[in-house]
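Numbering (my numbering), first residue to last: 2 to 416.
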C-alpha cells in the first residue's frame, strides 16, 4: 500500500510496544512539564459552534451530534458522546450513539419546522437508517433511547411506512460461525490470568443479539406502553441487521481482522444514499467498521474507532469529508506515567494501538485526498485544540476540530 500510510501504521505498531520504561518516562515527564494535565483545559464556549454557515442550504449535510470519545464523563468539556447525522433531502441517517448524543439529536432539530409541535413530541420522524461502527459502550449508550424514547419523540408521526433499518456488527465469529474470544492482554513471558466470561452462552453478541436483549430488559416498560398508551410495536418500526463480512477475503477475528486489499462493500442503498463499509483496526474489539455515504451531491466517511488503516484510505479516497477519531499522546502520557500496573499497561496498549494520533490522521487524510478532515470522537474530550492541530503538518486540506452541533454541507449545494 502507499508509503505514507504504511509509515503511520508502522508508527502505530511501534506504539504498541511503548508500554513503560525509560522512553515512556521521558515522554510523560516532558509533556507534564510543558502542558500540565488535560483536565486543566478551559471549558468550551456554550454557544452553538458553526462548521459551515450555509450548511442548511445544502441538500446533503453532516451534523455532529456528540464529539467526545471513550466511556468517560470528561471534566471541563461540553462535548457529549460520539454521534453523527447525515441529512439528505430531509431524510436522516445516524451513525453511532454515544452517551448524550440523543439529547444533541433533539437539539439539532433535524425535522421540518412544521413537525416541531408545541408539545415537544417530535424529533425522529425523518430517520431512515441507523449505523453502528462497533459495539463498545461509548458508541451504543444512547442507542436504545431512540427506541424507548422514540414513541414520544416522533416515531408515531413518521411520514414513511417503511421500517427504520439498523445496521451494525455481527458476532465475533470466524468464517464458519465459530465463536472466537479475544486474547487476554499479557506482557511477554506473563501467563494469562483466569478471567470470568460474561454470558458464556453468547459471549460475543452482535447487533441483533444486543437489540433482542434490550427488548427483553425493557419488556415491562414496553408492554406497559403498548397496552396502556396503545403505542405501536417497536419491532415493527425497526428492522435490525447484522452486517455480513464478505466471503473470501481471509478474515479472522484474531488472526486477520483487517484483511489488506479488501474492497469496500455495500451495506445499504436507497433512492438518496449508498452506504459502503470496510473493516478497520480497533483490535481486539472486532468487527469494527468505517462507513462511507455517497449522495448525488457528495460524500462523507466515518472512520469509526481505528488505528491507522490501509482499508480506510481506500474507503475514503476522494471523499468531500472524512470524520476521523483522534487521541492525543499528551493525555495518554499524563494519564499513565510509569511504573504501570498490569491494568494500566493493558489500557495504554489499547489506547495507542486501536486509536489514531492527530498527525497520523493527517497523513491518512492527505493520502486519501479528502477535502475536509473533521476530528470527532476526541480523546480526551477536553483536549486543547493545539494538541489536535498538529495534523496540519501532514494535511493540506481543511482541518476542523469538531464540536457538538457543528454542521457541514456535503459536496455541491444540490438545490
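Every residue gets a Cβ at the ideal spot worked out from N, C-alpha and C, and that includes glycine.
Legend entry - residue 229 beta carbon less than 8 Å from that of residue 170: no
Inset, instruction - Would you check if the distance between the CB atom of residue 142 and the CB atom of residue 99 is smaller than 8 Å? - result: yes
Inset, instruction - Take residue 1 and list the residues in its own chain whose beta-carbon comes closer than 6 Å to its own, dropping the five residues that flank it on each side. - result: There is simply no residue 1 to check, as the chain begins at 2 and stops at 416 in what is shown.
Inset, instruction - State the start and end residues of the unbroken alpha helix (DSSP H) segment that holds residue 242. - result: From DSSP, residue 242 is part of no alpha helix (DSSP H) but of the beta strand (DSSP E) over 239 to 244.
Inset, instruction - Have a look at residue 201 and residue 180 and give me their C-alpha separation to the nearest angstrom. - result: 11 Å
Legend entry - Backbone CA spacing between residue 178 and residue 250 [nearest angstrom]: 15 Å
Inset, instruction - Determine the closest residue to residue 1 out of 282, 101 and 188, with distance taken between C-alpha atoms. - result: Residue 1 lies beyond the range of the chain shown here (2 to 416); nothing can be said about it.
Legend entry - Beta carbon of residue 392 nearer than 8 Å to that of residue 359: yes
Inset, instruction - Name the one or two DSSP bridge partners that residue 276 has. - result: 269 and 294
Legend entry - Bounding residues of the beta strand (DSSP E) (the contiguous stretch that carries residue 316): Premise fails: residue 316 lies in the alpha helix (DSSP H), 311 to 317, not in any beta strand (DSSP E).
Inset, instruction - Indicate the three-state DSSP secondary structure (helix, strand or coil) for residue 59 in the structure shown. - result: coil
Legend entry - Segment limits, beta strand (DSSP E) that includes residue 131: 128 to 132
Inset, instruction - Let me know the secondary structure DSSP gives residue 299 once reduced to three states. - result: coil
Inset, instruction - May I ask you to verify whether the region 214 to 221 touches the region 134 to 154, counting CB pairs closer than 8 Å and requiring at least 3? - result: yes
Inset, instruction - Can you say whether residue 131 is buried or exposed, counting buried as having 16 or more other CB atoms within 10 angstroms of its CB? - result: buried
Legend entry - Assigned exposure category for residue 127 - 16 Cβ within 10 Å defines buried: buried
Legend entry - C-beta contact flag for residue 77 and residue 139 at 8 Å: no
Legend entry - Three-state class that DSSP yields for residue 166 in the structure shown: strand
Legend entry - Boundaries (first-last residue) of the beta strand (DSSP E) holding residue 86: 84 to 89
Inset, instruction - Would you mind stating whether residue 256 and residue 283 have Cβ atoms separated by less than 8 Å? - result: no
Inset, instruction - Could you say if the region 261 to 280 and the region 311 to 330 meet the contact criterion of at least three C-beta pairs nearer than 8 Å? - result: yes
Inset, instruction - Can you grab the Cα-Cα spacing for the pair residue 357 / residue 225, in whole Å? - result: 45 Å
Legend entry - Check whether residue 61 and residue 403 have beta carbons under 8 Å apart: no
Inset, instruction - Can you grab the Cα-Cα spacing for the pair residue 192 / residue 183, in whole Å? - result: 15 Å
Legend entry - Where residue 162 falls, given that 16 or more other Cβ within 10 Å makes a residue buried: exposed
Inset, instruction - Quick one: give me the first and last residue of the beta strand (DSSP E) that residue 92 is part of. - result: 92 to 96
Inset, instruction - Could you tell me whether the Cβ atoms of residue 379 and residue 63 are closer together than 8 Å? - result: no
Legend entry - Backbone CA spacing between residue 334 and residue 118 [nearest angstrom]: 49 Å
Inset, instruction - Ignoring anything shorter than 3 residues or poking outside the region 335 to 398, list the beta strand (DSSP E) runs there in chain order. - result: 373 to 380
Legend entry - Local conformation of residue 281 per DSSP, three classes: coil
Inset, instruction - Check whether the Cβ atoms of residue 248 and residue 176 sit closer than 8 Å, and answer yes or no. - result: yes
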